[in-house]
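Asker: Protein chains in written order, with this note's numbering: chain A, 367 to 694; chain B, 2 to 502; chain C, 1088 to 1373.
We put the CB at the ideal spot given by N, CA and C, even for glycine.
As the structure is a prediction and not an experimental result, all values here were calculated from the model.
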Amino acid sequence: MGGAITLHVSGRKMLGFILRRILISIPTLLIVSIFVFSLQKLLPGDPVLAMAGEDRNPEILEYLREKYRLNDPIPMQYLYWLGGVLQGDLGVSLRTNQPVLELIGEKLPVTIQLAVMSMIIAFLVGVPMGILSAVRKGTWLDYVANFVALSGLSIPNFWLGIMLILLVSVNLGWLPASGYESPWVDPWRSFQTMIMPAFVLGTSLAATLMRHTRSSMLGVLQSDYIRTARAKGLVENRVIMRHAFRNAVLPVVTLSALLFGELLAGAVLTEQIFTIPGFGKLIVDAVFNRDYAVVQGVVLCTAVGFIGMNLIADVLYVVLNPRMREAL
Amino acid sequence: MRTSRLLGAFLASALIAAPAFAADLRIGLQEDPDVLDTDQARTFVGRIVFESLCDKLINTAPDLSFIPELATEWTWSADGMELTMKLREGVVFHDGTPFNAAAVVANITRSQTLPESRRKSELASVASVEAMGDFTVKFTVKAPDATLLAQLSDRAGMMLSPTAFTAAGLDFGANPVCSGEYKFAERIQQDRIVLEKFADYYNPDAYSYDRVIFLPIPDTSVRLANLQSGDLDMLERLAPSDLAAVKADSKLVAAEVVGLGYQGITVNVGNGDRSKTPFGQDKRVRQALSWAIDREVINQVVFEGSYATGNQAFPPNSPWYDATNPVAPRDVEKAKALLKEAGVERVTIEMQAANNPVQLQLMQVMQSMAAEAGIDISIKATEFATMLAEQTEGRYESTQVGWSGRTDPDGNIHTFVTCKGGQNDSKFCSAEVDNLLNAARTSNDLATRKASYDAANKILGDELPIIYLYHPTWLWALRSNVTGFVAHPDGMIRLAGVKSE
Amino acid sequence: MTAITTIAPKSRNRAWAKLSANRGALVGAVIVAFFVIMAILAPVLPIADPTATDWGAIRKPPSATNWLGTDEIGRDLLSRMIWGARASLLAGVVSVAIAVMVGVPFGLISGYFGGWTDQIISRITDALLAMPFLILAIALAAFLGPSLTNAMIAIGLSAVPVFIRLTRGQVLAVKTEDYVEGARSVGLSHMRIMGWYILPNVFPPILVQATLTVATAIIAEASLSFLGLGQQPPAPSWGSMLNTAKNFLSQAPWMAIWPGAGIFMVVIGFNLFGDGLRDALDPREH
């Protein structure tokens, strides 16, 4: 196959490809920044009034308006904001005076922990289920697996969350209904508080993984070299594990890089229901409290992360897929 | 599963020394407090944290009488223009800075001059404050102010370490330094605020916990589930619908007291064009709505009968309540007659309400009742921040809104209904009401004040710029091994004497 | 996201045959039809007024008079479920219609003309796709103000980029086909080529995506209503019913069970049907 030579030749092509992808991301990011900034102008309600709270004093309102440059023309406000962002300054939370970047640094690990745990659950459930149902295609097992996957896709995860709290926490008392503990402080408690939300968040992901694994597995099982392997008399299990799985998992790996971004989004409601102090809760609370700097910072951060993940997924796909490598 | 749980539990107990937990008190809050700087803070829930973190010049007893805290005694001059306070000696802030008259002056000055200060209007009557020796301060007021003591018993009277706020400036809230029985240890936004016992507190024996941990858990049923499972020791603002369940549970106890605040309907009677409706212009239409509403049914259906019905700015348990004018029973015929008199058969009114399930349940109950009298309420659910903006700018017909309540009666009424009141979004204006409420504000004679409020209430009850509906009851739920908690009408949690058995 | 290659018009009948032989699709169609009929017939069904309150029947469990029980102000839950189906289905269909009507033309233009037009549309699409769907919808719904109509607009607009991207990809695939080249060579206008030669051929995958997006949109509407940004009281929607129900979980669990189950059923119906549709329109055999 001459893998070494192809790799050598495509090394420079690869670099070019990655650079091109990064260049394309720049205008996208700029557009994102405009969207994100206009979110502030879009949301109704006066941020300053929200900050003033129960005791509204006109003098303070005006002072705050000046302080946060809310009296300046909107394009100027955008430039100030963008200038700050480029220097790593996302502003301060209007509600607590805490720098937004610090808040994000505090919340992101929580959501990443949640996302990683749901990914693990999704992989442990989705991939074996997908393989099994492909191998046993057309049997009752396949039907059940498909139905379970479809249910996972169709169940509103906030409802699943509520029902689990009702059942597991309120009625059975097995797991805490909410809260969060850092894994560095108390790993067991951290696991306990996180497992239910991770399960809720992981269901639709597991379902997606199952369906993709099943379909790429089916494709592989019908391909020539599996037939050859079977013809050689290799035992079924080894055929599946060695050849089929390795090939089937390729698209799944790239897919999960993309899904990771969706997980961050899915965390929005899950965190709200389980009162997990992560990214999703940060943004929903910020929208409702009209804490604009936080809304902007979080959405910007998510968008950058999402674009980054896409980039990685694209590169991974090319790296892992020899045919694509040659097509560059 | 069971094995791994056991194993896990074993590991956990091995990892964490058990005694650390024994002296923790975990309190579930309904919201996450805002900035922990008493001068910049603006939320009710923040005051709950301050109660343990920061000492005030004066505190209040459950009957709302004033009791000494950092000030041991105080006297008004005969003309009501000077307030002299003797301060407690031997008190230090959490950073070791001594508490004295100079610290009081620095604090009051900060509350009055910090551009971001939300305490300015509370201290507006103070012309100057000066140290008369190490442990005596004198407040001089611009005009007699009967509300000043009440202000000093809240955030405006909370003392921060001058050393700390000089150094930290606006960032003081990230690491607040006061002189309360508990000092700040750690805060994770939307997750927890941890306070540790302050070793040098002047009265350490009254407080039995080493740490107090506040956990904001907005969802009421989730908050209760945490209490039931023992992950919390107590919670504030129990949902009235859960009260029965808590009372039935032998592991839990409830505490309740009617609060200082009210909930009602603020009507736009003079704030721009949107006031030009029959509802805004004709008091008979407002009276009709008031008659059409069965306040007792609201209390039963929405609040399981645990709240107090209301028709005034003061709750019925307040000494300022006018008992000669109690809540009248519903009278649909009277409502219809009033509408007829006003020349309208059927009227539609738009009403804003905070976008949360409880407020919307209340709205739908009222909607259903009002419809029977010929008043169609169209509900406009709005985010609280937006609702306030609409209301100040006059872009509303009416709003279902309330007030958390203040110790002094003035704080419940003056700013809402006087012509120039800062929060008079209704833009109701009556010279007579202004005179009465201004008189009540400047007199230190209780009987005179009461007479003024009663007279003002009569006019307001007829004009109805605000249709009062009910007074929320503060509900707490505690694990039954937590004893010594006293329910206080201001809704705060005071930990003196509270202990776990 | 399985790639769906274009099908020639001839294979339509075959696709129909495949669809009607697909048991899953059939079940899905029946479920969807059931809820649609129920929603349409809501005004004439012999059920209680969904807004009629009864102070004597607050949060009563299912009984002979109220088959599904009553809610927090004594309204009949069966009636509210049926009327709520209207809100959910309407939200699903209308928001997808918005997404298709906005997204498909942009995708067509972007794919057909290429060049700078394509670059600009594609970058904006990328930017929109980079912002999480639900967050975008929440922000838009908060901006427009809470109401069912606004929730539909917010969800529709948030789903637009998906349709732009899908249509663009499909257009690129068929653009070089002979019949398009032919149409171009005889000098037909761009509008005509896009409308008559390209659109019909890129339509099947859009139809599949639309069916599956209805499912997503129904969940999105429920999520927004759950956060208080959708259907406004006293009118019922499954999401807002859940929003109220979560405060009475232990006292009245039925209040939360029915609307959740309703969403689940309808969404699974649309997913089953959409899957069947995709298989039927996909020339590859699986």
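#1: Taking only beta-carbon positions, decide if residue 525(A) is within less than 7 Å of chain C.
#2: Say yes only if the C-beta of residue 319(B) is nearer than 6 Å to one or more non-hydrogen atoms of the ligand HEM, and no if none qualify.
#3: Please go through the same chain and pick out, in chain order, the residues whose beta-carbon is closer than 6 Å to the beta-carbon of residue 38(B), but skip the five residues on each side of it.
#4: Look at residue 142(B) and residue 106(B) and say whether their C-beta atoms are less than 7 Å apart.
#5: Within 7 Å of any Cβ in chain C, is that where the Cβ of residue 300(B) sits?
#6: Give me the residue from 50(B), 138(B), 144(B) and 65(B) with the minimum Cα distance to residue 79(B).
#7: Going by the CB atoms, is the gap between residue 1321(C) and residue 365(B) shorter than 7 Å?
#8: Please identify, using Cβ separations under 8 Å, the residues of the stretch 1226-1256 of chain C that lie next to chain B, in order along the chain.
#9: If you follow the alpha helix (DSSP H) that residue 1203(C) is part of, which residue opens it and which one closes it?
#10: Do residue 270(B) and residue 429(B) come within 7 Å of each other at the CB atom, strictly closer than that value?
#11: Is DSSP giving residue 477(B) helix, strand or coil here?
#12: DSSP state of residue 469(B), grouped into three classes?
#13: Can you find a C-beta in chain A that's less than 7 Å from the C-beta of residue 22(B)?
#14: Between the Cα of residue 665(A) and those of 529(A), 433(A) and 649(A), spot the shortest distance and give me the residue it belongs to.
#15: Pull up the distance between the alpha-carbon of residue 461(B) and that of residue 1232(C), whole angstroms please.
#16: Select from 1160(C), 1156(C) and 1181(C) the residue whose C-alpha is nearest the C-alpha of residue 1303(C).
#17: Can you tell me whether residue 597(A) is buried or exposed? The criterion is at least 16 other CB atoms within 10 Å of its CB, across all chains shown.
#18: According to DSSP, residue 376(B) sits in a beta bridge with which residue or residues?
#19: Please identify, using Cβ separations under 8 Å, the residues of the stretch 348-369 of chain B that lie next to chain C, in order along the chain.
#20: Using the three-state DSSP reduction, which class does residue 232(B) fall into: helix, strand or coil?
#21: With burial defined as no fewer than 16 other Cβ atoms inside 10 Å of the residue's Cβ, what is the status of residue 181(B): buried or exposed?
#22: Find the nearest neighbour of residue 638(A) within the set 1250(C), 1333(C), 1261(C) and 1359(C), judged by alpha-carbon distance.
#23: Which residue's Cα is closest to the Cα of residue 1224(C): 506(A), 629(A) and 634(A)?
#24: How would you call residue 287(B), buried or exposed, if buried means at least 16 neighbouring beta carbons within 10 angstroms?
#25: Against chain A, which members of the stretch 388-402 of chain B pass a CB distance test of less than 9 Å?
#26: Say whether chain A places a C-beta atom closer than 7 Å to the C-beta of residue 1354(C).
#27: Since residue 25(B) sits in a beta bridge, which residues does DSSP pair it with?
#28: Here's the rule: buried if 16 or more other CB atoms are within 10 angstroms of the residue's CB, otherwise exposed. What is residue 492(B)?
#29: Would you give the residue range spanned by the alpha helix (DSSP H) that residue 477(A) belongs to?
#30: Any idea what DSSP makes of residue 1296(C), helix, strand or coil?
#31: Does the beta-carbon distance from residue 59(B) to residue 51(B) come in below 7 Å?
#32: Determine the contact status of residue 381(B) and residue 362(B), defining contact as a CB-CB distance below 7 Å.
#33: Output the boundary residues of the alpha helix (DSSP H) element that contains residue 246(B).
#34: Spell out whether any CB of chain B is found under 7 Å from the CB atom of residue 1434(C).
#35: Chain B beta carbons: is any one of them nearer than 7 Å to that of residue 1325(C)?
#36: Is it buried or exposed, residue 369(A), if we count other Cβ atoms within 10 angstroms and call 16 or more buried?
Answerer: Let's see:
#1: yes
#2: Only the bare structure without any ligand can be found here, which leaves the ligand HEM out of the picture.
#3: 173 and 174
#4: no
#5: no
#6: 144(B)
#7: yes
#8: 1229, 1232 and 1233
#9: 1202-1217
#10: yes
#11: strand
#12: strand
#13: Caution applies to residue 22(B), whose pLDDT of 46 falls short of 50 and renders its modelled position unreliable; the model cannot decide the point.
#14: 649(A)
#15: 33 Å
#16: 1181(C)
#17: exposed
#18: 348(B)
#19: 356, 357, 358, 359, 361, 362, 364, 365, 366, 368 and 369
#20: coil
#21: buried
#22: 1333(C)
#23: 634(A)
#24: buried
#25: 388, 389, 390, 391, 393 and 394
#26: yes
#27: 212(B)
#28: buried
#29: 466-501
#30: helix
#31: no
#32: no
#33: 244-249
#34: Residue numbering for chain C in the displayed model covers 1088 to 1373; residue 1434(C) lies beyond these limits and cannot be assessed.
#35: no
#36: Here the model assigns residue 369(A) a pLDDT of 39, short of 50, so the residue's position is not dependable, and the following value carries that caveat. Exposed, by the Cβ-count rule.
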